[in-house]
Amino acid sequence: MTTPIRLAILGATGSIGRQALDVVRAHPDRLRVVALGANRNIDQLRDLALEFPTARTALGPSALVALATDPDAELVLVATPGVAALRATVAALEDGKRVALANKEVLVAAGHLVRRLSGGAGDRLRPVDSEHSGLWQCMAGEKIAQVRRVALTASGGAFRDVPIEALAGVTPEHALRHPTWRMGPKVTIDSATLVNKAYEVVETHWLYGLPYDRIDVVYHPESLVHALVEYVDGSVKAQLAEPDMRLPIQYALLWDRVPSPAPRFDWTADRSLHFGAIDLARYPCFSVVLETAHSGDLGAMIGISAADEIAVERFLRGDIPFTDIAPTLRRGAELGKNKHAGPEPDLEEILAIDAAVRAALDKTAVFA
Ligand code: MG
Numbered sequence: 019m020t021t022p023i024r025l026a027i028l029g030a031t032g033s034i035g036r037q038a039l040d041v042v043r044a045h046p047d048r049l050r051v052v053a054l055g056a057n058r059n060i061d062q063l064r065d066l067a068l069e070f071p072t073a074r075t076a077l078g079p080s081a082l083v084a085l086a087t088d089p090d091a092e093l094v095l096v097a098t099p100g101v102a103a104l105r106a107t108v109a110a111l112e113d114g115k116r117v118a119l120a121n122k123e124v125l126v127a128a129g130h131l132v133r134r135l136s137g138g139a140g141d142r143l144r145p146v147d148s149e150h151s152g153l154w155q156c157m158a159g160e161k162i163a164q165v166r167r168v169a170l171t172a173s174g175g176a177f178r179d180v181p182i183e184a185l186a187g188v189t190p191e192h193a194l195r196h197p198t199w200r201m202g203p204k205v206t207i208d209s210a211t212l213v214n215k216a217y218e219v220v221e222t223h224w225l226y227g228l229p230y231d232r233i234d235v236v237y238h239p240e241s242l243v244h245a246l247v248e249y250v251d252g253s254v255k256a257q258l259a260e261p262d263m264r265l266p267i268q269y270a271l272l273w274d275r276v277p278s279p280a281p282r283f284d285w286t287a288d289r290s291l292h293f294g295a296i297d298l299a300r301y302p303c304f305s306v307v308l309e310t311a312h313s314g315d316l317g318a319m320i321g322i323s324a325a326d327e328i329a330v331e332r333f334l335r336g337d338i339p340f341t342d343i344a345p346t347l348r349r350g351a352e353l354g355k356n357k358h359a360g361p362e363p364d365l366e367e368i369l370a371i372d373a374a375v376r377a378a379l380d381k382t383a384v385f386a
């Protein structure tokens, strides 16, 4: 009989947090919730406090660090979006806790810092995202030095079949209808622009220490293959599963293979898998993020991360058209460029660059 892992969940009422709680309910002997945080949803948090009466609960972004360093917690699931989760992630790692990371911006804006604190993907830093979990599963027992290249799959998002000339007129409602995954609003819009996939390339770089020229993205509309790893001998391993986040969440939390609440893969069904190149003309944001990543300017990446949070909010409010997201990212990269003193920005510098880029974009009357 093993003692249950004591788990803190930041973002307990969001899409990943709710699915993580499904995993907890499926494994009460393996996982015990000791702390739950939510950003705004007080009603749902109250329901969770009744269901998990011994867990500490807290609301709002100011509570994140305290929850992440809760003395009872040994594993912290970071499932709140945005750079707002950065301080809590760093605090948890510095406190010696294991972190299961579902947030994207933390590695995009501060990958160098998180890698230094955690050593990259492993027991201390567990990737939750399906593609990074897929890579992790394909590389288990292998040597990273023998990996020739890896590929992340991309479904193409909500607008993969919309004519390019119609993209300027698409609505937030349409953008929020992802073809294969059910996720929160930020990541769903980021999937429609393919910012999400470019972010995953950056995260792969920091999680696995792979250079950018060995990380590919492959168009794969069915979202059944999540990642591919090619070894030096030419053998390619792929990880397949039905698109259900509860599987990679469980793998990150338990670090083990046990039955999960996710649906099983039906290989008797008659179906096809398609693979192809990314249509770069359709996804200008994808190129902006990757060109900036290749440039190695860490300040520019912080600028992009800040600009994307602002651009997505503005698009969701109906303030800017979908096609203004890419120029906003370019502007963010420009604003963040060369803004830190040493070769790598530290935590306070990262947050200062983020704030400065937001303030500069706030002053900009958006591409009137
Ligand atoms: Mg993903």
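Residue numbers for the sequence shown, in our numbering: 19 to 386. Here a beta-carbon is modelled for each residue, glycine too, at the ideal position from N, C-alpha and C.
(request) Compute the beta-carbon to beta-carbon distance between V220 and L125, rounded to the nearest angstrom, for a pair I have assumed lies under 8 Å. (result) About 7 Å separates the beta carbons of V220 and L125, which is inside the 8 Å limit, making them a contact pair.
(request) Using beta-carbon positions only, say whether A351 and A216 come within less than 9 Å of one another. (result) Their beta carbons are not under 9 Å apart, which means A351 does not touch A216 by this criterion.
(message) For the alpha helix (DSSP H) containing K204, name the first residue and the last one.
(response) Run containing K204: P203 to T211, per the alpha helix (DSSP H) assignment.
(request) Check each residue's C-beta against every heavy atom of the ligand MG and list, in chain order, those closer than 6 Å. (result) The set, ordered by position in the chain, is D147, S148, E149 and E218.
(request) For A30, name the three-state secondary structure that DSSP assigns. (result) Correct three-state label for A30: coil.
(message) Under DSSP, the beta strand (DSSP E) around V83 begins and ends at which residues?
(response) For V83, there is no enclosing beta strand (DSSP E); the residue is found in the alpha helix (DSSP H) stretching over L82 to A86.
(request) Tell me, please, whether the segment 135 to 145 touches the segment 104 to 120 by the rule of three or more beta-carbon pairs shorter than 8 Å. (result) A contact exists between the segment 135 to 145 and the segment 104 to 120.
(message) Within the continuous alpha helix (DSSP H) that includes Y269, where are the two ends?
(response) Per DSSP, Y269 belongs to the alpha helix (DSSP H) from R264 to L272.
(request) Return the chain-ordered list of same chain residues with a C-beta closer than 8 Å to the C-beta of L49, the five sequence neighbours on each side being excluded. (result) Hits under 8 Å: P22, I23, L25, V41, V42, L271 and L272.
(message) The beta strand (DSSP E) that contains T171, what's its start and end?
(response) Membership of T171 in the beta strand (DSSP E) is indicated by the continuous run V165 to A172.
(message) Within the continuous alpha helix (DSSP H) that includes V101, where are the two ends?
(response) For V101, there is no enclosing alpha helix (DSSP H), as DSSP marks it with neither H nor E.
(request) Report back the beta-carbon spacing between R144 and L119 to the nearest angstrom; my notes put them in contact at under 8 Å. (result) In this structure R144 touches L119 by the C-beta definition: roughly 7 Å separates them, less than 8 Å.
(message) On the CB-based measure, 16 or more other CB atoms within 10 Å of its CB, does R289 come out buried or exposed?
(response) Classified as exposed, R289 has fewer than 16 neighbouring CB atoms from the shown chains inside 10 Å of its CB.
(request) Please classify H238: does DSSP put it in a helix, a strand, or coil? (result) Coil, per DSSP.
(message) Within 10 Å of its beta-carbon, does A30 have 16 or more other beta-carbons around it, so buried, or fewer, so exposed?
(response) A30 comes out buried.
(message) The alpha helix (DSSP H) that contains A51, what's its start and end?
(response) Reading off the sequence shown, one finds Val at residue 51, where the question assumed Ala. Here V51 belongs to no alpha helix (DSSP H); instead the beta strand (DSSP E) covers L49 to A56.
(request) State yes or no: is the C-beta of L365 within less than 9 Å of the C-beta of R105? (result) Yes, these two residues count as a Cβ contact at 9 Å.
(message) Applying the 10 Å Cβ sphere with the 16-neighbour rule, what's the burial state of A386?
(response) Below a pLDDT of 50, predicted positions are generally treated as unreliable, and A386, at 40, falls in that range; no measurement from the model is reported.
(message) Run through the DSSP bridge pairs and tell me what V23 is partnered with.
(response) The question names Val, but residue 23 is Ile in the sequence shown. Beta-bridge annotation (DSSP): I23 is paired with L49.
(message) Relative to the C-alpha of G314, which candidate in V276, E362, V168 and P277 has its C-alpha closest?
(response) For G314, the nearest C-alpha among the options comes from E362.
(message) Report the CB separation of A172 from L212 in whole angstroms; it is logged as a contact under 8 Å.
(response) Between A172 and L212 a beta carbon distance of about 6 Å is seen, short of the 8 Å cut, so the two are scored as contacting.
(request) Could you please give the first and the last residue of the uninterrupted alpha helix (DSSP H) stretch that includes L93? (result) Premise fails: L93 lies in the beta strand (DSSP E), L93 to V96, not in any alpha helix (DSSP H).
(request) Take I34 as the anchor and find which of V52, L131, E218 and A56 has the nearest alpha-carbon. (result) Checked all of V52, L131, E218 and A56; the closest Cα to I34 is A56.
(message) Applying the 10 Å Cβ sphere with the 16-neighbour rule, what's the burial state of D274?
(response) That one is exposed.
(message) With H, G and I counted as helix, E and B as strand and the rest as coil, what does DSSP make of F190?
(response) The sequence shown places Pro at residue 190, not Phe. Helix, per DSSP.
(message) Measuring only the C-alpha atoms, how far is P277 from L153?
(response) Put simply, the backbone Cα of P277 is about 20 Å away from that of L153.
(request) Please classify A386: does DSSP put it in a helix, a strand, or coil? (result) Low local confidence applies: a pLDDT of 40 at A386 is under 50, so the model's placement there is unreliable, with the coordinate-based value given in what follows. Coil at A386, not helix or strand.
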